[in-house]
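Quick note on numbering: our numbering labels position 214 of the sequence shown as 216, and the sequence is numbered without any gaps. Where is the CB? At the ideal position from N, CA and C, for every residue including glycine. Nothing here was measured: the structure is a model prediction, and the numbers come from that model. Report on one structure; see the data block that follows.
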Amino acid sequence: MTREAAAERTALEDRLIALIRARGAITVADYMADALYHPQDGYYMTRSPIGAEGDFTTAPEVSQIFGELVGLWLVQSWTDMGSPASFNLVELGPGRGVLMHDILRAARLRPAFLDAAHVWLVETSGRMRLEQRRRVKDAGVRMDWADRFADVPPAPTLIIANEFFDCFPIRQFERGATGWRERMVGLAADGDGLAFTVDATPPDPSLDLPSKENVAEGAIFELSTAAEAAADEIARALHERGGRALIIDYGHLHDGYGETLQAVRRHQYWPVLSSPGAADITAHVNFERLTRAAFNAGASAHGPVAQGAFLERLGLPFRLERLSQGKSPQEVMALHQGAQRLVSPTQMGELFKAFCISAPGLPAPAGFQP
Ligand code: SAH
């Protein structure tokens, strides 16, 4: 991807510059939180980011097979839980509602699952809620919206979150000459723009950063306290109420060193500190830290496994074959291209990972074993 549109000065940029001038540099996480969630000017509050017209495309937008296989995974999980007569089917960050639409269509093969399900769509953006409602309102299941997962009432719970954890604000730490220092967003030399700086004081030991000893000077370590808190909250809820969460996102298998913070605008990479509020900002998910959070909260964790392997184990080739029957050569080609994009190692198949947090005592979830 290359840079295309010109950077413009945004209202949020002016406000951040004034704030930093008055109070000093802010963390990368605070910058990211404002750029994405500022009530007036935040990216998710003002835009409809997904799809050809938006800034990025997600797996359910690439191929219907993604949502269908996730739907079957959820039905299997419900069976593993003993088919409770009533349960919450929660989606975190449902985007345009395409994934839930495909999940509910695939789940029709088990009507009892749909009868038992109370769908909860957890979404902060009013614009996205409107799109979701339009797409899934006729699915014939009980359905409600919530601002936060904490607002979903207690019951056995299945959760799906695709490209949701990558939106959590991250903090960055740089290995300096003497140890870790937090990377901050401050002012450029001319005082009239944003620039990365480094905090003068060492980070709080409670952050439990990796030992500085074997890490080269200049290395960057990223973590998201917000994502870890969300994993903790989910793990506690599943431990108490029963159920599983399927989290799919891009990220590394183990604690990695290196910068993954990136901005994207109109399907092109974009400088992270330019025009805050006008571009999407994400970072790779640190699954190792999420696993630790889940275990500490008394839940089990499975994976992460590469998305390509996960979808193939769930039967992607069979579904592709089935869908292709009776279609025109052009339609068959489009189906194959979509499926290929989901599983190919050079596209979404390896960078994206499936990860499961589970109530203890359930069997290993489908797709997580070779
Ligand atoms: N899962 C969808 C969309 C991913 S984009 C897909 O696969 O296509 C992220 C979605 O999460 C958007 O709908 C955004 O508005 C929502 N979102 C981001 N942060 C959120 C938060 N903290 N709470 C609830 N929803 C959030």
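Hey, out of the options, whose CA is closest to residue i's CA?
i, options, result
"Y252", "L38, N90, A295 and A163", "A163"
"G26", "T159, L322, F198 and M145", "F198"
"D117", "A54, L91 and S50", "L91"
"L132", "G97, L106, E165 and V121", "G97"
"G181", "V200, H304, L196 and H103", "V200"
"A191", "I19, I249 and A61", "I19"
"Q264", "V274, A301 and M83", "V274"
"A87", "A157, P212, H103 and G128", "A157"
"L94", "E261, D36, A301 and L248", "L248"
"M381", "F370, A366 and L313", "With the chain represented from 3 up to 372, any question about residue 381 goes unanswered, as that position is not in the structure."
"H254", "V307, A296, Q78 and S302", "V307"
"R268", "P362, L211 and R49", "R49"
"L111", "L196, W75, G188 and R129", "W75"
"A54", "Q42, S277 and Q270", "Q270"
"G220", "A233, G195 and F175", "F175"
What separation, rounded to the nearest whole angstrom, lies between the Cα atoms of residue i and residue j?
i, j, result
"L14", "E70", "39 Å"
"E125", "G99", "11 Å"
"R23", "P113", "59 Å"
"E352", "T203", "38 Å"
"S360", "R324", "31 Å"
"E184", "P331", "54 Å"
"F151", "D82", "23 Å"
"D104", "G73", "7 Å"
"F223", "P41", "29 Å"
Leaving out five residues before and five after residue i in sequence, what residues of the same chain have Cβ atoms less than 6 Å from its Cβ?
i, result
"S65", "G340, A341 and L344"
"V217", "R177"
"A119", "L91 and V143"
Less than 7 Å separating the Cβ of residue i from some heavy atom of the ligand SAH?
i, result
"G363", "no"
"L160", "no"
"T126", "yes"
"G97", "yes"
"L116", "no"
"F312", "no"
"I52", "yes"
"P212", "no"
"P278", "no"
"V72", "no"
"E352", "no"
"V100", "yes"
"T60", "yes"
Could you please give me the residues that DSSP links to residue i through a beta bridge?
i, result
"W147", "L123"
"L91", "V121 and L160"
"C358", "L248 and H304"
"I28", "V187"
"D16", "The partner list for D16 (beta bridge, DSSP) is empty, contrary to what the question assumes."
"G369", "DSSP lists no partner for G369."
"F198", "V187"
"A265", "W272 and I283"
Within its chain, find whatever has a CB closer than 8 Å to the CB of residue i; leave out the 5 residues flanking it on each side and keep chain order.
i, result
"A31", "P171, I172, R173, S226, T227 and A228"
"I52", "F58, T59, T60, E63, G97 and R98"
Less than 7 Å between the CB of residue i and some heavy atom of the ligand PLP, yes or no?
i, result
"M34", "No copy of the ligand PLP appears in this structure; the ligands present are the ligand SAH."
Near residue i, which residues of its chain fall below 7 Å by C-beta distance, leaving aside the five closest residues on each side in sequence?
i, result
"V266", "D57, F58, W272, A281 and D282"
"Y46", "L38, Y39, T126 and S127"
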